[in-house]
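> Residue 1 is where the sequence shown starts when you use my numbering, and the numbers rise one by one after that. Just passing along the structure, written as structure tokens.
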Amino acid sequence: MKPTRLFFIASALMLLSCQAQQTTLTLVQYNVGVFNKYDGSSVEAVAAAVREMGADAATLNEVDSCTTRTGQVDQLAAFAAEMGDWSQHYAAAMPYMGGAYGIGVASRPGLEIIRTDRIALPQLDGKEQRAVAVVEYKDFVLCSTHLDLTLESQLGQIATLNHYVDSVYADCGKPVFLGGDFNAFPDSEPIALMKQSWQLLTPETFSFPSHAPDRCIDYIFVRPNGKKVTVEATSIPQTLQTADLATASDHLPVVVKIVIE
Numbered sequence: 001m002k003p004t005r006l007f008f009i010a011s012a013l014m015l016l017s018c019q020a021q022q023t024t025l026t027l028v029q030y031n032v033g034v035f036n037k038y039d040g041s042s043v044e045a046v047a048a049a050v051r052e053m054g055a056d057a058a059t060l061n062e063v064d065s066c067t068t069r070t071g072q073v074d075q076l077a078a079f080a081a082e083m084g085d086w087s088q089h090y091a092a093a094m095p096y097m098g099g100a101y102g103i104g105v106a107s108r109p110g111l112e113i114i115r116t117d118r119i120a121l122p123q124l125d126g127k128e129q130r131a132v133a134v135v136e137y138k139d140f141v142l143c144s145t146h147l148d149l150t151l152e153s154q155l156g157q158i159a160t161l162n163h164y165v166d167s168v169y170a171d172c173g174k175p176v177f178l179g180g181d182f183n184a185f186p187d188s189e190p191i192a193l194m195k196q197s198w199q200l201l202t203p204e205t206f207s208f209p210s211h212a213p214d215r216c217i218d219y220i221f222v223r224p225n226g227k228k229v230t231v232e233a234t235s236i237p238q239t240l241q242t243a244d245l246a247t248a249s250d251h252l253p254v255v256v257k258i259v260i261e
């Protein structure tokens, strides 16, 4: 075989190898307001929105599990079923009205789950308990959280979260993504603390309230852990074709499409 032909074959194989090592992923962060902020259950509307945004996985906040407040429905399971048999992992932040109130992670079929975890975050006197839902996949880790309203709580909760990620995933060789309602503005001390060890992937544009957004409190961050993570597109949509975002929740969804290499 001629050397020139061998060169082109080798180049083609190298290109295929590089492409095979790439993972394209679309993530959505959504505070869904217990799927019941305005006019009855919004599970179908939220699912339609997440589907239209082309999500592979979603971090969801303010999710009820079997509470009397929302008809004793396992809301994350209902959302996962509406999405078409998605996998789901729920992390209760606290007991509430006969069930639990917390956060979750949901993902499309085909994403291989390695392990799941729940991290309790520190709680100040009189404040609501908060938590982190963690799902480790074959090629990445995805976490969901919802921080408290006060500065002191937020700083302590971020410190606990960072300690967990440092202890468990610092040497895992895969990126760790974190989506959440941080209850903190882009120029705040908690977000500055996050940016010391995380990269912000999403825009610092308004995400709340959904009907007339005037503040940014919802974000998706990443710790690359040695991987190259490139943002292809990101937005905080105010309108979609298949769902009324002004009534689906009191927050807008945050979406990012990334490539992992």
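All C-beta atoms in this analysis are idealised placements derived from N, C-alpha and C, irrespective of residue type, glycine included. A quick note: this is a predicted structure, and the numbers were derived from the prediction, not measured.
Use the C-beta contact count for A47: other C-beta atoms within 10 angstroms, 16 or more gives buried, fewer gives exposed.
Taking the sequence shown and counting its residues from 1, one reaches residue 47 at position 47. It is buried - the Cβ of A47 has at least 16 other Cβ atoms within 10 Å.
> For G71 and S41, I'd like the C-alpha separation in whole angstroms.
Looking up residue 71 in the sequence shown gives position 71. Looking up residue 41 in the sequence shown gives position 41. If I take the Cα positions, the gap works out to 10 Å.
> My parser needs the beta strand (DSSP E) runs of 3 or more residues fully inside the stretch 95-155; what are they?
Within the stretch 95-155, the complete beta strand (DSSP E) runs of at least 3 residues are 99-107, 113-120, 131-137, 141-146.
> How many Å lie between S17 and V259 at the Cα?
Taking the first residue of the sequence shown as position 1, residue 17 is located at position 17. Taking the first residue of the sequence shown as position 1, residue 259 is located at position 259. With a pLDDT of 46 at S17, under the threshold of 50, the modelled position of that residue is not reliable, and no figure is offered here.
> Assuming Q196 and F221 are in contact, meaning their beta carbons sit under 8 Å apart, how far apart are those beta carbons, in whole angstroms?
Taking the first residue of the sequence shown as position 1, residue 196 is located at position 196. Taking the first residue of the sequence shown as position 1, residue 221 is located at position 221. Incorrect: roughly 11 Å between the Cβ atoms, too far for contact.
> Find the nearest neighbour of D108 within the set Q22, T68, V135, Y164, judged by alpha-carbon distance.
Against the sequence shown, residue 108 aligns to sequence position 108. Before going on, a small fix: residue 108 reads as Arg here, not Asp. Among Q22, T68, V135, Y164, the Cα nearest to that of R108 is on V135.
> Would you mind working out which of S210, R215, D166 sits nearest S188, comparing C-alpha positions?
Counted from its first residue, the sequence shown places residue 188 at position 188. Out of S210, R215, D166, R215 has the C-alpha closest to the C-alpha of S188.
> Please go through the same chain and pick out, in chain order, the residues whose beta-carbon is closer than 7 Å to the beta-carbon of E62, but skip the five residues on each side of it.
Stepping through the sequence shown from its first residue, residue 62 is reached at position 62. Excluding positions up to five away in sequence, the list reads N31, V32, G33, V34, H146.
> Taking 8 Å as the threshold (C-beta atoms), are K227 and M186 in contact?
Start at 1 with the first residue of the sequence shown, and residue 186 comes out as number 186. Start at 1 with the first residue of the sequence shown, and residue 227 comes out as number 227. A quick correction: the sequence has Pro, not Met, at residue 186. Result no, Cβ atoms of P186 and K227 do not sit closer than 8 Å.
> State the DSSP-derived secondary structure class of I158, mapped to helix, strand or coil.
Taking the sequence shown and counting its residues from 1, the one referred to as residue 158 is at position 158. It is helical.
> Thinking C-beta only, is G99 closer than 8 Å to S144?
Sequence index remark: in the sequence shown, residue 144 carries index 144 (1-based). Sequence index remark: in the sequence shown, residue 99 carries index 99 (1-based). Their beta carbons are not under 8 Å apart, which means S144 does not touch G99 by this criterion.
> With burial defined as no fewer than 16 other Cβ atoms inside 10 Å of the residue's Cβ, what is the status of I236: buried or exposed?
For the purposes of this step, residue 236 is identified with residue 236 of the sequence shown, where counting begins at 1. Under this definition I236 is a buried residue.
> Mapping the DSSP letters down to three states, classify H89 as helix, strand or coil.
Here the question's residue 89 lines up with position 89 in the sequence shown. It is a strand residue.
> Pop quiz: A131 and A80 are said to be a contact at Cβ under 8 Å. What is the actual Cβ separation, rounded to whole angstroms?
Position 131 of the sequence shown holds residue 131. Position 80 of the sequence shown holds residue 80. Not a contact, Cβ separation roughly 19 Å.
> Among A170, N183, M194, which one has its Cα closest to the Cα of F206?
By 1-based counting over the sequence shown, the position of residue 206 is 206. Cα-wise, what sits closest to F206 is N183.
> Give me, in chain order, the residues of the same chain whose beta-carbon lies closer than 7 Å to that of D139; leave out the 5 immediate sequence neighbours on both sides.
As a first step, residue 139 is located in the sequence shown; it is residue number 139 there, counting from the start. Result list for D139: T23, K174, I260, in chain order.
> Please state whether the Cβ-Cβ distance between R51 and M94 is less than 8 Å.
By 1-based counting over the sequence shown, the position of residue 51 is 51. By 1-based counting over the sequence shown, the position of residue 94 is 94. No, Cβ-Cβ distance for R51 and M94 is not below 8 Å.
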